[in-house]
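Numbering (full-length UniProt numbering), first residue to last: 1 to 444.
Just so it is clear, CB atoms sit at the ideal spot from N, CA and C, and this is done for glycine as well.
All values reported here derive from a predicted model rather than from experimental measurement.
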């Protein structure tokens, strides 16, 4: 079977490994416009902030490994078009040579693209994005210049908050802007997000919420030197744009259906309307178990699972994705936050009559000298009592707890089912009255 895979990052790598390791007779062609594959972009801030030694280990798969399994790899090769009727992919490599690849099955793993603010000055030098390895490398190099003192970050989602910390660790004066009333507003309710706001401020980052960029100001050399917002003007030496991503689904043409935001529309096997074409990762929609409808959440963990599911179906094993909850986490200056499912805000926006319960307690019994406060919020459907989401925040690593809540949402458990869950107790780990079950018990 001839399989052409367009895109070799998380989703594409997962699909390629599944096909090559578990199925025979797969003639796989892997194409990517980039010069590298399998870059863990989530590690960029750790590298830029000098919390890890370098970037080498952020690449978790090698070109030669796939070649050893029999795959053909074409890097720095751009796909120009797909002839869906003839089942052919047309691509041009860096030398200008045009290649035509026949396929029995096509996998689109084209990812997402950073959103460029459509404001005056967006073509100036000194504006950076963080998607590709080369972009992280360029930012890292720019920060080595001692003349770069004041930096601005536009967008306070995960990438924006993480890179703000990284640049502050590099000794820069950092101002973080977001149009929302808090940082991380797409993941956490304000009561939780404000904890991160304060954490950032405590470490010297100037957090500017309810404020957005209206113009980048350049000097006579065409380099950014200032930023105009809805509230004022700032002198800056460098700007990082991190306002979000859009799916890279330009190959859809008139042939493939797309989701509300332009992503390839797929079923639970990640097959498009064309039986011979699958779409995986950030370029495709996914199914939200919390919303119980199609959705779009671009996360590496979602991408990996979609690649595995699509590959098995191509290989002949029927498998449907389990859906997603959007589970995520962040650690900034050792303050940790994790969430899954829907916040109160997101549930209300979806038209759900949502209820929630908040609880705060210590991680360990109070006789343990080194202890940590844990804050938790559970959201649930007021009528059905179905669990919709969970948020936790602490200086302690509470990240493993979110997986239980993720499974509970996937399996449509009610909040009452969690209230008497069998959770062991040992002072080294937790309290006899566990904050997860106590929170559920307090649900009205």
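>> How far does the alpha helix (DSSP H) with residue 416 in it extend, from its first residue to its last?
In response: 415–418
> Hey, is the segment 8–16 in contact with the segment 92–104, meaning 3+ C-beta pairs nearer than 8 Å?
Replying inline: no
>> Tell me which residue opens and which closes the alpha helix (DSSP H) that residue 191 is part of.
In response: 190–202
>> Does residue 305 pass the burial test, meaning 16 or more other C-beta atoms within 10 Å, or should it be called exposed?
In response: buried
>> residue 170 and residue 143 - do their beta-carbons sit closer together than 7 Å?
In response: yes
> Is it right to say residue 116 is buried, meaning 16 or more other beta carbons lie within 10 angstroms of its own, or is it exposed?
Replying inline: exposed
> Taking DSSP as the reference, what is the three-state secondary structure of residue 208?
Replying inline: strand
> Run through DSSP, which three-state label would residue 257 get?
Replying inline: coil
> What number of angstroms, rounded off, separates the C-alpha of residue 330 from the C-alpha of residue 360?
Replying inline: 19 Å
> Do you know whose CA, among 338, 345, 242, lies nearest residue 376's CA?
Replying inline: 338
> In terms of residues, what are the limits of the beta strand (DSSP E) holding residue 356?
Replying inline: 354–362
> Of the residues 42, 69, 68, which one's Cα is nearest the Cα of residue 57?
Replying inline: 42
> Would you report the Cα separation of residue 346 and residue 320, rounded to the nearest angstrom?
Replying inline: 26 Å
> Among residues of its own chain, excluding the 5 on either side of residue 210, which ones have a beta-carbon nearer than 6 Å to its beta-carbon?
Replying inline: 181
> Can you tell me the Cα-Cα spacing of residue 107 and residue 2, whole angstroms?
Replying inline: 11 Å
> Which value, in whole angstroms, describes the spacing of the CA atoms of residue 51 and residue 44?
Replying inline: 10 Å
>> Quick test of your reading: residue 163 and residue 48, contact by CB under 8 Å. State the CB separation rounded to the nearest angstrom.
In response: 7 Å
> Can you tell which of 237, 218, 199 has its C-alpha closest to the C-alpha of residue 173?
Replying inline: 237
>> Since residue 343 and residue 188 should fall inside the 8 Å C-beta cutoff, what is the C-beta to C-beta distance between them, to a whole number of angstroms?
In response: 6 Å
> Once you ignore the five residues that flank residue 72 on each side, which residues in its own chain have a CB closer than 6 Å to its CB?
Replying inline: 29
>> Between residue 303 and residue 239, how many whole angstroms is the CB-CB distance? I'm expecting something under 8 Å.
In response: Not quite, the Cβ-Cβ distance comes to about 28 Å (not below 8 Å), so this is no contact.
> If we ignore side chains and look at the alpha-carbon of each, how far apart do residue 81 and residue 74 end up?
Replying inline: 16 Å
> Is it the case that the Cβ atoms of residue 226 and residue 233 are separated by a distance below 7 Å?
Replying inline: yes
> How big is the Cα-Cα spacing for residue 112 and residue 243?
Replying inline: 13 Å
> Ordered along the chain, which non-local residues of its own chain (more than five positions away) have a Cβ less than 6 Å from that of residue 341?
Replying inline: 290, 325, 388, 389, 409
> beta strand (DSSP E) containing residue 394: first to last residue?
Replying inline: 387–394
> Are there three or more Cβ pairs, one per stretch, closer than 8 Å when the segment 364–374 is compared with the segment 424–435?
Replying inline: yes
> Over what stretch of residues does the beta strand (DSSP E) that includes residue 134 continue unbroken?
Replying inline: Element bounds for residue 134: not the beta strand (DSSP E) but the alpha helix (DSSP H), 133–143.
> Considering residue 21, what are the terminal residues of the alpha helix (DSSP H) in which it resides?
Replying inline: 10–22
> Three-state secondary structure (DSSP) at residue 213?
Replying inline: strand
> Among all the DSSP beta bridges, which residues are the ones paired with residue 72?
Replying inline: 29
>> Could you compute how far the alpha carbon of residue 421 sits from the alpha carbon of residue 437?
In response: 7 Å
> To which residues does DSSP link residue 270 through a beta bridge?
Replying inline: Partner(s): none; residue 270 has no beta bridge.
> How close, in whole Å, do the beta carbons of residue 176 and residue 205 come, if the pair is a contact with beta carbons under 8 Å?
Replying inline: 6 Å
>> Checking the sheet assignment: what are the DSSP bridge partners for residue 88?
In response: 83, 102
>> At the level of alpha carbons, what is the spacing between residue 404 and residue 27?
In response: 39 Å
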